[in-house]
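Notes follow the structure.
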Amino acid sequence: MTEASLPGPHDKIQLLRRIELFASLNDAQLEIVAKATRLVEFKKEEVIYREGDQADALYIVVSGRLKVFTQSDGREKVYTFLHKGDSFGEISLLTGETHSATVKAQNDALVLELAKADFEEVINRIPALVLYLSRVLSKRLRSKEGRSGEFSEGTIIAVYSAAKEVGRTLFAVSLAASLRRETHREVVLLDMSPQGGEIAAWMRHPTRPALKTQDPNLLFSGGVIEQEMQPTNFGFKLLSVGHTIGQEAEERLVAPLLTYLTDSVAYVLIDLPTEVDSAVFKALTQSDIIYLVTDTQREHLLRTQALYGRLDGAVAQAAEKIKIVVNLRGSTETETTLADEEALLEHPIAYVMPRISALDAAVQPEGLQAMLDQPTSLFAVKVRRLARAVGNVQVGLALGSGAALGLAHIGVLKVLEREKIPIDIVAGTSMGALIAAMWTSGRSARDLEALARRFQHPANLLSLLDIGFLLPLQGFQRGHGVMQFLRKDLGTKTFADTWVPLKIIASNPWTREQVVFEEGRLIDAVRASIAIPGVFYPVQRLDDVLADGGVVNPVPVSVLRKAGARRVIAINCFPTSAETARYVRERRKAHQEEERQLSQRSFPVRAAHWLKHQVMRGISPSILDVLVRSMQMMEHEIAEVACQEADVTIRPTLPDADWMEFYHPDKFIQRGEQVTEQMLPRIRELIA
Numbered sequence: 306m307t308e309a310s311l312p313g314p315h316d317k318i319q320l321l322r323r324i325e326l327f328a329s330l331n332d333a334q335l336e337i338v339a340k341a342t343r344l345v346e347f348k349k350e351e352v353i354y355r356e357g358d359q360a361d362a363l364y365i366v367v368s369g370r371l372k373v374f375t376q377s378d379g380r381e382k383v384y385t386f387l388h389k390g391d392s393f394g395e396i397s398l399l400t401g402e403t404h405s406a407t408v409k410a411q412n413d414a415l416v417l418e419l420a421k422a423d424f425e426e427v428i429n430r431i432p433a434l435v436l437y438l439s440r441v442l443s444k445r446l447r448s449k450e451g452r453s454g455e456f457s458e459g460t461i462i463a464v465y466s467a468a469k470e471v472g473r474t475l476f477a478v479s480l481a482a483s484l485r486r487e488t489h490r491e492v493v494l495l496d497m498s499p500q501g502g503e504i505a506a507w508m509r510h511p512t513r514p515a516l517k518t519q520d521p522n523l524l525f526s527g528g529v530i531e532q533e534m535q536p537t538n539f540g541f542k543l544l545s546v547g548h549t550i551g552q553e554a555e556e557r558l559v560a561p562l563l564t565y566l567t568d569s570v571a572y573v574l575i576d577l578p579t580e581v582d583s584a585v586f587k588a589l590t591q592s593d594i595i596y597l598v599t600d601t602q603r604e605h606l607l608r609t610q611a612l613y614g615r616l617d618g619a620v621a622q623a624a625e626k627i628k629i630v631v632n633l634r635g636s637t638e639t640e641t642t643l644a645d646e647e648a649l650l651e652h653p654i655a656y657v658m659p660r661i662s663a664l665d666a667a668v669q670p671e672g673l674q675a676m677l678d679q680p681t682s683l684f685a686v687k688v689r690r691l692a693r694a695v696g697n698v699q700v701g702l703a704l705g706s707g708a709a710l711g712l713a714h715i716g717v718l719k720v721l722e723r724e725k726i727p728i729d730i731v732a733g734t735s736m737g738a739l740i741a742a743m744w745t746s747g748r749s750a751r752d753l754e755a756l757a758r759r760f761q762h763p764a765n766l767l768s769l770l771d772i773g774f775l776l777p778l779q780g781f782q783r784g785h786g787v788m789q790f791l792r793k794d795l796g797t798k799t800f801a802d803t804w805v806p807l808k809i810i811a812s813n814p815w816t817r818e819q820v821v822f823e824e825g826r827l828i829d830a831v832r833a834s835i836a837i838p839g840v841f842y843p844v845q846r847l848d849d850v851l852a853d854g855g856v857v858n859p860v861p862v863s864v865l866r867k868a869g870a871r872r873v874i875a876i877n878c879f880p881t882s883a884e885t886a887r888y889v890r891e892r893r894k895a896h897q898e899e900e901r902q903l904s905q906r907s908f909p910v911r912a913a914h915w916l917k918h919q920v921m922r923g924i925s926p927s928i929l930d931v932l933v934r935s936m937q938m939m940e941h942e943i944a945e946v947a948c949q950e951a952d953v954t955i956r957p958t959l960p961d962a963d964w965m966e967f968y969h970p971d972k973f974i975q976r977g978e979q980v981t982e983q984m985l986p987r988i989r990e991l992i993a
């Protein structure tokens, strides 16, 4: 915080007159306020006051934007954003309570500060302010009582490259188009090329004088900016800003312009010129997200690494805000062959964009639009996924555990595929991990259905069994048969090969911790996640012992929330306690009826039935059955709590089913389809 250069008395009065709080005051009263206030400058990310602080002043925003929020358990809840003319801090001054929220500068901001002692003197000398402030207090308290959900405001996204011709502008245009499509909110793309008309010329739009030719005093009045925004066939609006490198005077325009736009536009993207000067650097530091675009050439990677280092010291929370995007140029380059490039950058690569001809030769707008319209285009899929993450509209799918009960996941996936429900991130536990890994690595739901039906044949099911010799010291199943089965379908695929981000959950029994796999070989993660204690041998990884993820997180909703999924669809295959109790009652009633009918049969028939019953009592329930059912009883309770965090929970339950019924896949799959079709109205409402 620094005290800004004070305007002259007349200028300060004119400034106060445009603020609603003081609009009704006469010149003499305004002069009283002007003498009592001071102008303070706050840099981006600087805190004005924190939740719980004692109130010591009233503040009025002169320029910039401020965020009002609270934090609890590491999660941030945004209440509102403050802009020019908004006052804050007065409630705590009037009530004598501590501040109920934190206020932070989202961009460089100028704020008028009226200290507590001066505030009391001003309201004593100007009683009209007391009436106004009491109305503000009443309004905000009512708003606070009736508030539900969180407030969101414009996001500033800078797209920059430290080298030319690496696909920066193509990436910016594609992201702007996808944000508009996926969020259905207003998006504006700022062209800050030297002439401010490069993107317009490429789109064959009439070029207009860049905003830099406008009188800055008139820029934010009379709808000048709105008139200069050009609609495009991609859905977003284009604003030619223009920037002559070295014109430091233009730096002063950057923060006010971005603040002005975020008041009415959901997403502001800036396509920045390659050369760095004070105005370009200001745009980067004022942005909420920074995409540094490069390709795989060594020189370009080194330039990007150097720029990251420079930004790291100037941007608050740089590791969260700065994302490196690598455009693949060579036909042999893949996501899994970028270890050397990442080491050279000294920072993780956030997104890898697939090679397209548009990066090697001139591309026309129609060609790019056709590619973005193509659902099977890998480039379009990547940009769409990125846009949904930025737009905070990601839909996560949590596939839970349940052994054979988990076959119902396949029926759920069949309906989601058929109805084209967008899924942006998947997490799976145990049986859910196995199905999620196969589905996200390219298998369709119908492929999985055909695969499950193979185990209707006893020989195929027995091929998975490899009973441990002597005593089952670690488990009855070594897992070799399952690994052989997994190799046929997953092979050497890694998490980088999935079409959507995937997370697989296992557990560490010794540390009692959840283990989340998100890199490496899929087969290793799945084998650990399905290692039911006492049934399968656990997995040894370095010094860790890994087992079934269902023990700690049977329906991994929390993993998806932590990964950024805004909406979560959970699949819980465990019957509820009420469903199970109802089934037991019905089973007992049927048994009593069977006994009644048996009592009327001949003695040999009754004797044979008794003998059969005694034999079954001796072998059932088996130790495996008791072990797994006991564990599923525990998992059911954890799953119920986990699903409370989900937006929609699909429950394809079958209380009469057995955890080992892999030989009856159709009944589980059909149940999954049936329940999901019933839930479609809620699912469509969720993603609308």
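Using this note's numbering, read the sequence shown as starting at 306 and increasing by one per residue.
By construction, the Cβ of each residue, glycine as well, lies at the ideal position given by its N, Cα and C atoms.
These numbers were taken from a predicted model, which means no experiment stands behind them.
Residue closest to residue i, alpha-carbon to alpha-carbon, out of the options
{"i": "L415", "options": "A422, S368, Q376", "result": "S368"}
{"i": "V630", "options": "L677, S907, A477, R486", "result": "A477"}
{"i": "N697", "options": "M508, I627, L865, L330", "result": "L865"}
{"i": "K687", "options": "K793, D332, I728, F586", "result": "I728"}
{"i": "I837", "options": "L326, D794, T734, F393", "result": "T734"}
{"i": "D961", "options": "S397, C948, R887", "result": "R887"}
{"i": "L994", "options": "R817, W815, D391, E646", "result": "The structure shown has nothing for residue 994, since the chain only spans 306 to 993."}
{"i": "V731", "options": "L544, V546, R872, L399", "result": "R872"}
{"i": "A505", "options": "L484, F541, E487, H489", "result": "F541"}
{"i": "L721", "options": "G379, L985, V585", "result": "L985"}
{"i": "A868", "options": "I809, Y842, L712", "result": "I809"}
Under the three-state DSSP convention, the category residue i falls into
{"i": "V856", "result": "helix"}
{"i": "Q669", "result": "coil"}
{"i": "E346", "result": "strand"}
{"i": "S749", "result": "coil"}
{"i": "K725", "result": "coil"}
{"i": "N697", "result": "coil"}
{"i": "P909", "result": "helix"}
{"i": "D971", "result": "helix"}
{"i": "M936", "result": "helix"}
{"i": "A467", "result": "coil"}
{"i": "D496", "result": "strand"}
{"i": "R322", "result": "helix"}
{"i": "L664", "result": "Here L664 scores only 43 on pLDDT, less than 50, and its place in the model should not be relied on; the value that follows carries that caveat. Three-state DSSP puts L664 in a helix."}
{"i": "S569", "result": "coil"}
{"i": "F774", "result": "Unreliable positioning characterises F774 in this predicted model, as indicated by a pLDDT of 45, which lies under 50. The coordinate reading is nonetheless provided below. Coil."}
{"i": "R509", "result": "coil"}
{"i": "M658", "result": "strand"}
{"i": "L633", "result": "coil"}
{"i": "S863", "result": "helix"}
{"i": "K409", "result": "strand"}
Beta bridge counterpart(s) of residue i as assigned by DSSP
{"i": "K340", "result": "Beta-bridge pairing links K340 to no other residue."}
{"i": "K808", "result": "A732"}
{"i": "F539", "result": "Answer is none; F539 lacks a bridge partner."}
{"i": "K382", "result": "T375"}
{"i": "D849", "result": "R846"}
{"i": "K628", "result": "Y596"}
{"i": "L419", "result": "L363"}
{"i": "V820", "result": "A811"}
{"i": "F393", "result": "Y364"}
{"i": "I876", "result": "L704, I955"}
{"i": "M799", "result": "First, the amino acid is wrong: residue 799 is Thr here, not Met. According to DSSP, which records beta bridges pairwise, T799 is partnered with R826."}
Residue i CB to nearest heavy atom of the ligand FAD below 8 Å
{"i": "E900", "result": "Although the ligand FAD was asked about, the structure shown includes no ligands whatsoever."}
Three CB pairs or more closer than 8 Å across the segment 571 to 590 and the segment 492 to 501: By the Cβ test, the segment 571 to 590 is in contact with the segment 492 to 501, since at least three Cβ pairs between them sit closer than 8 Å.
Three or more C-beta pairs below 8 Å linking the segment 799 to 813 and the segment 742 to 751: A contact between stretches requires three or more CB pairs, one per stretch, nearer than 8 Å, and the segment 799 to 813 meets this requirement with the segment 742 to 751.
Cβ contact check for the segment 701 to 709 and the segment 667 to 681: 3 or more pairs under 8 Å: Judged by pairs of C-beta atoms under 8 Å, the segment 701 to 709 does not touch the segment 667 to 681, as fewer than three such pairs exist.
The segment 334 to 341 contacting the segment 350 to 360, beta-carbon criterion three pairs below 8 Å: No, because fewer than three Cβ pairs between the segment 334 to 341 and the segment 350 to 360 fall closer than 8 Å, the two stretches do not touch.
3-residue-minimum beta strand (DSSP E) runs that sit fully inside the segment 574 to 600, ordered along the chain: As far as the segment 574 to 600 is concerned, its whole beta strand (DSSP E) runs of at least 3 residues are 594 to 599.
The segment 532 to 550 touching the segment 458 to 474, judged by at least three CB pairs closer than 8 Å: The segment 532 to 550, when compared against the segment 458 to 474, does not touch it at the 8 Å Cβ threshold.
Segment contact, 8 Å Cβ cut-off, at least three pairs: the segment 587 to 606 with the segment 525 to 539: These segments do not touch.
Any 3 or more C-beta pairs closer than 8 Å across the segment 846 to 865 and the segment 940 to 955: Judged by Cβ distances under 8 Å, the segment 846 to 865 makes contact with the segment 940 to 955, as three or more pairs qualify.
Segment contact flag, the segment 613 to 627 with the segment 589 to 600, C-beta cutoff 8 Å, min 3 pairs: Segments in contact, yes.
Cβ contact (3+ pairs, closer than 8 Å) linking the segment 418 to 427 and the segment 378 to 390: The answer is no - the segment 378 to 390 does not touch the segment 418 to 427, with fewer than three Cβ pairs under 8 Å.
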